[in-house]
Amino acid sequence: MNTQTDLTPRLPEGRWALFLDIDGTLLEHAAHPDSVSVSEELLFLLQTIERRLDGALAFITGRSIADVDRLFEPLKLRIAGLYGLEHRLTPDGQIEAADAPADMAALADEIELELASKAVYVERKGPVLAIHTRAAPHLLARATELVEAALARLPEGYRVIAGNAGVELMPLEAAKGAAIRRFMQFDPFTGRRAVFLGDDTSDENGFDTVNAAGGISIRVKPQGETAAHFAIADVAGAIAWLKANFGNAAEQATSDSLVA
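This is the structure we're talking about:
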């Protein structure tokens, strides 16, 4: 990524498809995923964006679809949950979900037994197991060791993804890039240029996919190298950029936090 600071212009008029990560991108991270809340302002902004893009807006998130619906109630959007292991291709459509392997629950129990009493949160998301160490960063290395050791006990086709404040165990087919490609095959996304905002290691696959298709990739709060072509300093900057480019024109915000 070119980190040279530059005043970035607003996106030109065009047929855009917008894909959004949630935690760390639209919402500040919390020690526990249930500790976050969605403001009325953000709900209104997302509704406005969906209308302006004729529905070509989707969440691409590690959260489950059910969890996202609770968090953003009453708003329902198109969504890929669990890194693409769940899909809802239309706001009121059926949820396509993947099953969890039988060994996953027992594995979660073991890791929880060792780490949960030490401010580490073990989140069970069906075929995905997430270990959150934001409240105990010194235990990230140990959590990673436990998850990596568990790979041999699971069916083939699982991988470990280390994040900014935790580690996750997930199937190989759980990839945000694949989820974006799937949405782009259907209306109202077909024929549009993709924009993807994310903030973590698990979003890099999505950046690669969008870049290859000639889209716009933006990483929020980048740490180290990233495939994203642009960066935004923080969640507030991401919201301001979305307002300026996809929100109400009367509420334009400066976008000088976006650097090429």
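Start counting at 1 in the sequence shown, then tack on 175, and there's your number in my numbering. Even glycine gets a Cβ: it sits at the ideal position worked out from N, Cα and C.
| request: Assign residue 318 to one of two classes, buried (16 or more other C-beta atoms within 10 Å of its C-beta) or exposed (fewer than that). | output: In the sequence shown, residue 318 corresponds to position 143, counting from 1. Burial call: buried.
May I ask which residues mark the beginning and end of the alpha helix (DSSP H) holding residue 127? Since the first residue shown for the chain is 176 and the last is 435, residue 127 is missing from the structure and cannot be characterised.
Check: Hey, would you say residue 231 sits closer than 8 Å to residue 191, going by beta carbons?
Finding: Working through the sequence shown from its first residue, we reach residue 231 at position 56. Working through the sequence shown from its first residue, we reach residue 191 at position 16. Cβ atoms of residue 231 and residue 191: closer than 8 Å.
Next item on the list: Have a look at the DSSP bridge pairing and note the partners of residue 262.
Entry: Here residue 262 refers to the residue found at position 87 of the sequence shown. The partner list for residue 262 (beta bridge, DSSP) reads 255 and 271.
Endpoints, beta strand (DSSP E) assigned at residue 232 = As a position in the sequence shown, residue 232 is number 57, starting the count at 1. That run of the beta strand (DSSP E) goes 232 to 235.
Distance, residue 221 Cα to residue 421 Cα:
Locating residue 421 in the sequence shown gives position 246, counting from the first residue. Locating residue 221 in the sequence shown gives position 46, counting from the first residue. When rounded, the distance between both Cα atoms is 9 Å.
Self-check item: Exposure of residue 293, with buried meaning 16 or more beta-carbon neighbours within 10 Å
Solution: Along the sequence shown, one-based indexing puts residue 293 at 118. The residue is exposed, with fewer than 16 neighbouring Cβ atoms inside 10 Å.
Check: What three-state label does DSSP hand residue 405 in the structure shown?
Finding: Indexing the sequence shown from 1 puts residue 405 at position 230. Correct three-state label for residue 405: strand.
Just checking my contact of residue 355 with residue 385 at CB under 8 Å: how many whole Å lie between their CB atoms?
Counted from its first residue, the sequence shown places residue 355 at position 180. Counted from its first residue, the sequence shown places residue 385 at position 210. The Cβ separation is near 7 Å, so the contact holds.
Worksheet item: Can you tell me whether residue 324 is buried or exposed, with buried defined as 16 or more other CB within 10 angstroms of its CB?
Response: Counting from 1 along the sequence shown, the entry for residue 324 is found at position 149. Residue 324 comes out exposed.
Worksheet item: What is the DSSP secondary structure of residue 197, counted as helix, strand or coil?
Response: On the sequence shown, position 22 is the one that residue 197 refers to. Coil at residue 197, not helix or strand.
Endpoints, the beta strand (DSSP E) within which residue 372 is located: Here residue 372 corresponds to residue number 197 of the sequence shown, with the count starting at 1. 368 to 373 is the extent of the beta strand (DSSP E) around residue 372.
Handout entry: Range of the contiguous alpha helix (DSSP H) that encloses residue 282
Key = Translated into positions along the sequence shown, residue 282 becomes position 107. Note, residue 282: alpha helix (DSSP H), 278 to 290.
Thinking just about the alpha-carbon of each residue, which of 392, 284, 363 and 352 is nearest to the one in residue 229? For the purposes of this step, residue 229 is identified with residue 54 of the sequence shown, where counting begins at 1. Taking only the C-alpha atoms, the option nearest residue 229 is 363.
* residue 212: buried (16+ other C-beta within 10 angstroms of its C-beta) or exposed? -> Start at 1 with the first residue of the sequence shown, and residue 212 comes out as number 37. Looking at its Cβ environment, which holds fewer than 16 other Cβ atoms inside 10 Å, residue 212 is exposed.
- Item | DSSP state of residue 523 mapped onto helix, strand, coil | Missing from the structure shown is residue 523; the chain here goes from 176 to 435 and no further.
query: Which of the three DSSP states, helix, strand or coil, is assigned to residue 307?
result: Translated into the one-based positions of the sequence shown, residue 307 becomes position 132. Residue state, collapsed to three classes: strand.
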